[in-house]
Amino acid sequence: MEKKPTVQYTVRDVPEEVDGLLRESAALEGVSLNQATLRALERGLGSERQPVRYRTLRQMIAQTPKVSTKAWQAALEEQDQTNPEDWK
28 MEKKPTVQYT VRDVPEEVDG LLRESAALEG VSLNQATLRA LERGLGSERQ PVRYRTLRQM
88 IAQTPKVSTK AWQAALEEQD QTNPEDWK
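For what it's worth, the numbering used here labels the leading residue of the sequence shown as 28, then goes sequentially.
Written out as structure tokens, the structure is:
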């Protein structure tokens, strides 16, 4: 089986905010920065081969455009706390 040739790009002057969002997305999805970047490009261009299926709310949040991931994480961390009074 012959491997299809690929094209490589070098992207310069990536804004800090975009870099941070891509890195957060990669970490939340458990994929490489390259994979997260390719997924973001595919979504942005509307050329995804398969619909996105999120396994967790955290993955969905990582892909939500123009939403502060830090704000979402803070909200989720607050919800992760257990009130001992609820378990009596």
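For every residue, glycine included, the Cβ atom is placed at its ideal position computed from N, Cα and C.
Start and end residues, alpha helix (DSSP H) containing G71 | Locating residue 71 in the sequence shown gives position 44, where the first residue counts as 1. For G71, the enclosing alpha helix (DSSP H) starts and ends at 60 to 72.
Find the nearest neighbour of L55 within the set T109, W99, K31, D113, judged by alpha-carbon distance.
-> Position 28 of the sequence shown, counted from the start, is the residue given in the question as residue 55. Minimum Cα distance to L55 is reached at W99.
For the candidate residues S52, L65, L72, whose alpha-carbon lies nearest to that of V38?
-> Taking the first residue of the sequence shown as 1, we reach residue 38 at position 11. Ranking S52, L65, L72 by Cα distance to V38 puts L65 first.
What do you reckon, are the CB atoms on L60 and L49 nearer than 8 angstroms?
-> The residue labelled residue 60 in the question sits at position 33 within the sequence shown. The residue labelled residue 49 in the question sits at position 22 within the sequence shown. Pairing L60 with L49 gives a Cβ-Cβ distance under 8 angstroms.
Between which two residues does the alpha helix (DSSP H) containing G57 stretch?
-> Here residue 57 refers to the residue found at position 30 of the sequence shown. G57 -> no alpha helix (DSSP H), and no H or E assigned at all.
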